[in-house]
Every structure is written in structure tokens, then in C-alpha cells.
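There are 2 protein chains.
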Amino acid sequence: MGAAKETLGEEQPWAEVSPDAARRLLIAAVEAFAERGYHATTTRDIAGRAGMSPAALYIHYKTKEELLHRISRLGHEKALAVLRTAADGGGTAAERLADAVRSFVRWHAGHHMTARVVQYELDALGPEHRTEIVALRRKSDAAVREIINDGVRAGEFDVPDVPGTTLAVLSLCIDVARWFNTAGHRTPDEVGALYADLVLRMVGAEPGVAGAGAGAGVAG
Amino acid sequence: MGAAKETLGEEQPWAEVSPDAARRLLIAAVEAFAERGYHATTTRDIAGRAGMSPAALYIHYKTKEELLHRISRLGHEKALAVLRTAADGGGTAAERLADAVRSFVRWHAGHHMTARVVQYELDALGPEHRTEIVALRRKSDAAVREIINDGVRAGEFDVPDVPGTTLAVLSLCIDVARWFNTAGHRTPDEVGALYADLVLRMVGAEPGVAGAGAGAGVAG
DNA sequence: CACTTGCCTAAGCGCTTGCTCACCCGCAGG
DNA sequence: CCTGCGGGTGAGCAAGCGCTTAGGCAAGTG
């Protein structure tokens with residue numbers, strides 16, 4: 001019952017980071033940044049969590065900011081991939097929107113530590129890194145807006161303000177990273193299902209048109 | 001056109017803070033915390049923005065954390081007051097919910113600097129101050145949940161999961177503080193109207209039941 | 001064996017941080 | 001005039017910060 005330590009869901013996804021010491025440092029940084037924020041986290045803290053001396057960090061990363069950049073980029077790429085998989089899947093616009101919201105929310109809840117860093121520590125990045133990440137965000141926005149536009153064109157949705165509604169839908173999903181595991185005892189799957197339903201209502205889709213639809217895991 | 005510097009809407013609300021120097025410091029702190037975050041803001045920066053020497057801050061506030069606490073408490077109290085005014089107003093549940101969301105969102109957009117600090121710098125508070133603020137938050141949650149429960153009882157709303165939907169509604173409103181004036185050219189009134197409509201859809205209210213409803217200003 | 005290479009540490013440098021302290025100034029009361 | 005007092009400053013302290021440097025140690029290669 002309840003959310004497991006996330007470690008199970010968090011240790012495999014960073015498999016692309018090597019060598020092993022660099023990955024351990026990155027995981028330690030994700031935890032520290034998520035708990036206390038980037039600026040309140042010291043390099044000594046990160047190294048300590050990874051079981052290393054402070055200097056070890058600088059063998060694998062040039063600066064503390066580079067660590068945040070790596071986390072932010074990888075995290076955004078994964079979240080975007082999850083979104084696009086659903087967006088490019090088959091089915092009606094309602095089905096695709098429900099699928100997108102369900103998996104996007106599931107990712108944010110299941111990886112809420114990573115998601116929190118990715119979504120809320122953006123301002124701590126340097127200017128160039130920041131603009132790079134903002135570009136990735138715009139792609140997420142475009143993916144959602146496209147589905148909603150499709151639904152409007154097909155007559156499935158009733159949406160007076162498409163950009164505004166797109167913004168609200170994404171905002172709703174992203175904010176999951178802030179409150180998840182701070183507020184309650186829901187599983188990522190439950191939150192994903194609830195939010196998919198709420199979003200279908202927001203766009204005025206016919207009730208029950210894309211209701212159930214399980215789906216595999218949280219994905220990497 | 002567009003959002004004025006917020007200064008107009010921000011300088012009067014802090015009228016309850018005295019003496020004048022203490023208020024200037026507090027306003028400077030709100031700006032700095034909102035722009036860069038609590039931990040990235042230095043006491044020298046705050047004092048500088050207020051046109052004072054670094055030491056002047058400690059005449060009016062014991063610590064930097066006390067400044068954040070003051071901002072957080074006053075901000076939460078104001079936001080809660082705005083919410084309750086709408087919640088305790090007359091009318092159907094749909095009307096009250098729309099009113100609550102509209103004014104709550106309008107406050108978050110109109111005072112987005114204060115709101116950002118209030119909503120996103122909570123973890124920077126010390127333990128006791130933090131729990132005090134969390135208690136205020138629960139009251140906001142209760143206010144919204146009560147309206148939704150009323151609507152369900154009256155048969156106005158169709159809400160399978162009341163706690164979950166309450167959480168989502170508040171989450172949606174709060175996140176306005178994150179993206180407002182970073183994303184676009186909407187006025188607080190426009191965002192409030194859009195969000196009130198979206199929330200009515202989320203709870204399955206009859207369309208057009210609490211549609212227009214202007215309302216005065218953003219309130220203090 | 002000697003020598004290189006990759007990973008890691010102990011020590012610490014230069015700087016900034018939150019905060020303090022001794023002192024100063026304008027002004028009201030006597 | 002002097003005195004006291006609330007509000008202000010300049011200088012600076014102790015601590016902690018991000019990051020560097022010199023060196024150690026185990027494994028791989030001739």
C-alpha cells in the first residue's frame with residue numbers, strides 16, 4: 001500500500017548515465033534537489049549521499065549547475081517521450097488526450113522527485129541551458145495543443161479557448177510533482193485515471209468515450 | 001494594456017505593515033524571493049532594493065526567515081479571505097464555486113509575485129512556521145471541498161471523487177502563480193473567467209448555470 | 001618489474017553568506 | 001543647552017560555500 005520509496009522506479013531509469021559513480025551522484029543530486037531545492041543543496045551534501053568525498057563530484061561533472069542541467073534535460077526528454085507516445089498513438093482525439101494525460105501524470109507522480117527538480121528548478125539553470133530546456137517545454141505544449149485542436153476539428157471537443165485550455169491542462173499535470181506524496185495515499189495510476197477523466201470534462205468530450213484504458217507501466 | 005508592473009496592485013496591500021521602512025524591506029523581499037527564490041536571495045540584495053544598508057534589515061526583522069514567514073502568513077491569510085468571501089456568498093453551489101475560483105485565480109494572477117513566494121517557498125520556512133502555514137492551507141482546501149460537497153448533495157454536480165477533484169481544482173489555481181506573466185498576455189480577469197469555466201466543467205455542472213458574473217476588483 | 005591510466009581523497013583557497021557591533025544622526029522633552 | 005531614543009550606517013566576524021590541487025592506490029599493459 002502507498003507509494004514505495006520511488007527508488008525502485010528511480011534507479012533503473014538512470015541506467016543511461018555512466019559510469020556507475022556518475023549515476024550514483026546524479027541520483028543523490030535528484031534526491032537532494034527535490035527535498036531542499038537546488039540553492040539549498042550543497043555539493044558536499046550530494047557527494048555525501050553518494051558515499052563519496054566532496055571532490056569526487058568534480059571528476060564527473062564540471063559544476064553543480066551541470067548536474068542540474070543533465071537532470072533537467074534527461075527528465076524533460078523522458079516526459080516528452082511519454083507524452084508523444086500517447087499523442088501519436090491511434091484512436092480518437094479523446095482517447096489520445098486521455099492517454100496522454102494519464103501517462104504524463106503517471107510519470108510525474110511515479111518520478112515525483114525527478115519531476116519536481118525538472119519542473120521547479122528551471123530558474124537555477126544558466127541562461128543558455130535554460131533556453132535549451134524551455135524549448136523542450138514548448139514541444140510538450142505543442143503536443144497537447146495538437147490533440148486538442150484535432151478534437152475540436154473532429155467535433156469531439158467543445159473548447160472556446162484552445163491555448164488557454166492547453167495551458168491549464170499542462171499546468172494541472174505538472175503541479176502533480178509539487179503535491180504528490182505530500183498530500184495523500186494515492187498511487188500514480190489512480191491519479192492518472194482521475195486526471196484523465198477531469199481533462200476530458202474540461203474539453204467537453206462526450207462522457208465515457210475514452211473511459212477505462214489501462215496501460216502498462218510508468219515507462220522509462 | 002498588458003500587466004502593469006504589479007507595483008500598483010502590490011504597494012497598497014502591504015499597508016498593514018509598519019513602519020514604512022519595514023514595509024519597503026518586505027516589498028523588496030517579495031520581489032527578490034519571487035524572482036530568484038528564497039535561498040538564492042541575499043540579505044544584501046533585499047536591503048539594496050529597499051535603498052538601505054545590509055544592517056538595516058535586522059532592525060526590523062530578526063532573521064531572513066522571519067521576513068519570509070511574515071510574507072507567507074499575510075499572503076495566505078489574504079488568499080484565504082478571498083476564497084472564503086466567495087464561498088460564503090449566496091447563490092447555488094455552481095455560482096459559489098465559479099466565484100471562488102474566479103477570485104482566487106484573479107488574486108494569484110494579480111499578485112503573482114506574492115503568490116509565488118507564498119506557494120512555492122514553503123519549504124524554506126523553519127519547522128514551526130511551516131506547520132503554522134500548512135494549517136492555513138488546509139483551511140483553503142476545506143473551503144473548496146465544502147462547496148463541491150454542497151453541489152453534489154444538491155444534485156448540481158457530478159463528482160465521483162470529491163477529495164481528488166478538490167485537490168485538482170486547488171492545484172490548478174495555485175499553479176497560476178508559477179506561469180503567469182511568464183507565458184502570455186492575459187489579464188488576471190481573463191484567466192479567472194477561463195478557469196472558473198473549466199472548473200465548472202470538471203465538476204460536471206450544467207453549462208451556463210453560473211456563466212458571467214463580473215465582480216469588483218482583486219481586493220486587498 | 002616500471003609506467004600509465006582512471007577514480008578517488010585530504011586539505012584547503014578565495015569568496016560570500018547571515019548576522020553583529022560600535023557608533024552616528026535628527027529630533028522631542030526638560 | 002543637554003539628554004535619550006528610535007532608526008540608521010560601515011566595517012567586519014565566523015561559518016559555510018563552490019571548486020581546485022597534490023597526491024594515493026588499484027588495475028591494465030609492455
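Chains as they are written, first to last, in UniProt numbering: chain F, 1 to 220; chain C, 1 to 220.
All C-beta atoms in this analysis are idealised placements derived from N, C-alpha and C, irrespective of residue type, glycine included.
Bear in mind that the values here come from a model prediction, so they are computed numbers and not experimental data.
_Which residues in chain C have a C-beta closer than 8 Å to the C-beta of Trp179 of chain F? List them in chain order._
Numbered from 1 along the first sequence, position 179 holds the residue referred to as residue 179 of chain F. Per Cβ cutoff of 8 Å: Leu167 and Ser171.
*asked:* If the cut-off is 8 Å on Cβ atoms, which residues from the region 126-155 of chain F count as contacting chain C, listed in chain order?
replied: With the criterion set as a beta carbon lying under 8 Å from some beta carbon of chain C, the region 126-155 of chain F has no members that meet it.
*asked:* In this structure, how does DSSP classify Asn149 of chain F when only helix, strand and coil are distinguished?
replied: By one-based count along the first sequence, residue 149 of chain F stands at place 149. In the structure shown, Asn149 of chain F sits in a helix (DSSP, three-state: H, G or I).
*Compare the C-beta of Asp161 of chain F against all C-beta atoms of chain C and say whether one is closer than 8 Å.*
What you label residue 161 of chain F is simply residue 161 of the first sequence in a count that begins at 1. It does; some Cβ of chain C falls within 8 Å.
*With 16 other Cβ atoms within 10 Å as the buried cut-off, status of residue 225 of chain F*: The requested residue 225 of chain F does not occur in the structure, where chain F is confined to residues 1 to 220.
*Taking all protein chains shown into account, do 16 or more other C-beta atoms lie within 10 angstroms of the C-beta of Met1 of chain F, making it buried, or fewer, making it exposed?*
To locate residue 1 of chain F, count along the first sequence from 1; it is residue 1. Because the pLDDT at Met1 of chain F is just 38, under 50, the model does not fix this residue reliably, and the value given afterwards should be weighed accordingly. Around the beta-carbon of Met1 of chain F, fewer than 16 other beta-carbon atoms lie within 10 Å, marking it exposed.
*Looking only at its own chain, which residues have a Cβ that is under 6 Å from the Cβ of Gly75 of chain F, when we skip the five neighbours before and after it?*
The residue given as residue 75 of chain F occupies position 75 in the first sequence. Its chain contains Thr114 and Val118 as the residues whose beta carbon lies nearer than 6 Å to that of Gly75 of chain F, once the 5 sequence neighbours on both sides are disregarded; these appear in chain order.
*Checking contacts by CB at 8 Å: is Ile71 of chain C closer than that to chain F?*
To locate residue 71 of chain C, count along the second sequence from 1; it is residue 71. So no, Ile71 of chain C is outside the interface.
_Of the listed residues C:Ala124, C:Val144 and C:Arg145, nearest to Thr41 of chain F (C-alpha basis)_ = On the first sequence, position 41 is the one that residue 41 of chain F refers to. Residue C:Ala124 is the option with its Cα nearest to Thr41 of chain F.
*Starting from Met202 of chain F and walking both ways along the alpha helix (DSSP H), at which residues does that stretch end?*
Counted from its first residue, the first sequence places residue 202 of chain F at position 202. Residues Pro188 to Met202.
*If you run the structure through DSSP and keep just helix, strand and coil, what is Glu16 of chain C?*
Numbered from its first residue, the second sequence carries residue 16 of chain C at position 16. The answer is helix: DSSP assigns Glu16 of chain C an H, G or I state.
*Ordered along the chain, which non-local residues of its own chain (more than five positions away) have a Cβ less than 6 Å from that of Tyr61 of chain C?*
The residue you call residue 61 of chain C lines up with position 61 of the second sequence. Cβ neighbours of Tyr61 of chain C beyond the five flanking positions: Leu67.
_Between Met52 of chain C and chain F, is the shortest Cβ-Cβ distance under 8 Å, so that the two count as touching?_
Here residue 52 of chain C refers to the residue found at position 52 when the second sequence is read from its first residue. So, not an interface residue.
*asked:* DSSP three-state label for Phe157 of chain C, please.
replied: On the second sequence, residue 157 of chain C is found 157 positions in, with the first residue counted as 1. Correct three-state label for Phe157 of chain C: coil.
*Check whether the Cβ of His185 of chain F lies closer than 8 Å to any Cβ atom in chain C.*
Numbered from its first residue, the first sequence carries residue 185 of chain F at position 185. No, His185 of chain F lies away from the interface with chain C (no Cβ there is under 8 Å from its Cβ).
*Alpha-carbon to alpha-carbon, Trp179 of chain F and Val159 of chain C*: Sequence index remark: in the second sequence, residue 159 of chain C carries index 159 (1-based). Sequence index remark: in the first sequence, residue 179 of chain F carries index 179 (1-based). In a straight line, the C-alpha of Val159 of chain C is about 21 Å away from that of Trp179 of chain F.
_Suppose the cutoff is 8 Å on Cβ atoms and the five residues either side in sequence are ignored; what does the same chain contact list for Ala100 of chain F look like?_
Your numbering for residue 100 of chain F matches position 100 in the first sequence. Cβ neighbours of Ala100 of chain F beyond the five flanking positions: Leu83, Ala86, Ala87, Ala143, Val144 and Ile147.
*Could you tell me the boundaries of the alpha helix (DSSP H) in which Glu66 of chain C lies?*
What you label residue 66 of chain C is simply residue 66 of the second sequence in a count that begins at 1. Its alpha helix (DSSP H) spans residues Lys64 to Ala87.
*asked:* Does chain C have any CB closer than 8 Å to the CB of Arg102 of chain F?
replied: One-based indexing of the first sequence puts residue 102 of chain F at position 102. Judged by the 8 Å Cβ criterion, Arg102 of chain F is not in contact with chain C.
*What residues of chain C sit near Tyr195 of chain F, judged by a beta carbon separation below 9 Å?*
For the purposes of this step, residue 195 of chain F is identified with residue 195 of the first sequence, where counting begins at 1. Taking a Cβ-Cβ threshold of 9 Å, the residues of chain C close to Tyr195 of chain F are Gly164 and Ala168, in chain order.
*Mind checking whether Glu77 of chain C and Leu136 of chain C have CB atoms under 8 Å apart?*
For the purposes of this step, residue 77 of chain C is identified with residue 77 of the second sequence, where counting begins at 1. For the purposes of this step, residue 136 of chain C is identified with residue 136 of the second sequence, where counting begins at 1. Yes, the pair counts as a contact, with Cβ atoms nearer than the cut-off.
*Would you say Val30 of chain C and Val105 of chain C are within 8 Å of each other, going by their C-beta atoms?*
Within the second sequence, numbered from 1, the residue matching residue 30 of chain C stands at position 30. Within the second sequence, numbered from 1, the residue matching residue 105 of chain C stands at position 105. No, the pair does not count as a contact, with Cβ atoms beyond the cut-off.
*Select from C:Asp150, C:Asp20 and C:Ala196 the residue whose C-alpha is nearest the C-alpha of Thr92 of chain C.*
Counting from one through the second sequence, the residue named residue 92 of chain C turns up at place 92. If we check each option's Cα against that of Thr92 of chain C, C:Asp150 comes out closest.
*Report the neighbours of Asp189 of chain F on chain C: residues whose CB is nearer than 8 Å to its CB, in chain order.*
Position 189 of the first sequence, counted from the start, is the residue given in the question as residue 189 of chain F. None at all; the shortest Cβ gap to chain C is about 13 Å.
*In chain order, what residues of the same chain lie with their CB nearer than 8 Å to the CB of Val162 of chain F, ignoring the 5 residues before and after it?*
Residue numbering aside, residue 162 of chain F sits at position 162 when the first sequence is read from its first letter. If we look at Val162 of chain F and ignore the five residues flanking it on each side, its Cβ neighbours are Arg145, Ile148, Asn149 and Val152.
*With distances taken from CA atoms, which of F:Ser103, F:Leu97 and F:His69 is nearest Glu128 of chain F?*
By 1-based counting over the first sequence, the position of residue 128 of chain F is 128. Nearest option by C-alpha distance: F:His69.
*asked:* So that I know if they touch, is there some Cβ in chain C lying closer than 8 Å to that of Gly204 of chain F?
replied: Locating residue 204 of chain F in the first sequence gives position 204, where the first residue counts as 1. Output row for Gly204 of chain F: interface = yes.
_8 Å CB neighbourhood of His112 of chain C in its chain, flanking five on each side removed_ = Taking the second sequence and counting its residues from 1, the one referred to as residue 112 of chain C is at position 112. Glu6, Ala34, Val176, Ala177, Phe180 and Asn181, listed in sequence order.
_For Ala171 of chain F, report the span of its alpha helix (DSSP H) as first-last._
Sequence index remark: in the first sequence, residue 171 of chain F carries index 171 (1-based). Reading the sequence as shown, one finds Ser at residue 171 of chain F and not Ala. Counting along the chain, the alpha helix (DSSP H) containing Ser171 of chain F begins and ends at Val162 to Ile174.
_Can you tell me whether Glu206 of chain C is helix, strand or coil according to DSSP?_
Along the second sequence, one-based indexing puts residue 206 of chain C at 206. Of the three classes helix, strand and coil, the one that applies to Glu206 of chain C here is coil, per DSSP.
*Tyr195 of chain F to Thr165 of chain C span [Cα, whole Å]*: Locating residue 195 of chain F in the first sequence gives position 195, counting from the first residue. Locating residue 165 of chain C in the second sequence gives position 165, counting from the first residue. Roughly 9 Å separates the two Cα atoms.
*Which residues of chain F have a Cβ atom closer than 7 Å to the Cβ of Arg201 of chain C, listed in chain order?*
The residue you call residue 201 of chain C lines up with position 201 of the second sequence. The answer, in chain order, is Arg201, Met202 and Gly204.
*asked:* If I measure Cβ to Cβ from Gly192 of chain C and keep anything under 6 Å in the same chain, skipping five residues before and after, which residues do I get?
replied: Position 192 of the second sequence, counted from the first residue, corresponds to residue 192 of chain C. Taken in chain order, the residues that qualify are Arg102, Val105 and Arg106.
*Using the beta-carbon of each residue, which ones in chain C are nearer than 8 Å to Gly37 of chain F?*
Taking the first sequence and counting its residues from 1, the one referred to as residue 37 of chain F is at position 37. Listed along the chain, the chain C residues whose CB falls inside 8 Å of the CB of Gly37 of chain F are Gly37, His39, Asp123 and Ala124.
*Under 8 Å by Cβ, that's how I've got residue 226 of chain C and Gly155 of chain F pegged, so tell me the actual separation to the nearest angstrom.*
Residue 226 of chain C lies beyond the stretch modelled for chain C, which goes from 1 to 220, so this question has no answer here.
_Top-ranked residue by Cα proximity to Thr131 of chain C, from C:Ser72, C:Gly37 and C:Ile46_ = Position 131 of the second sequence holds residue 131 of chain C. Ranking the options by Cα distance to Thr131 of chain C, first place goes to C:Ser72.
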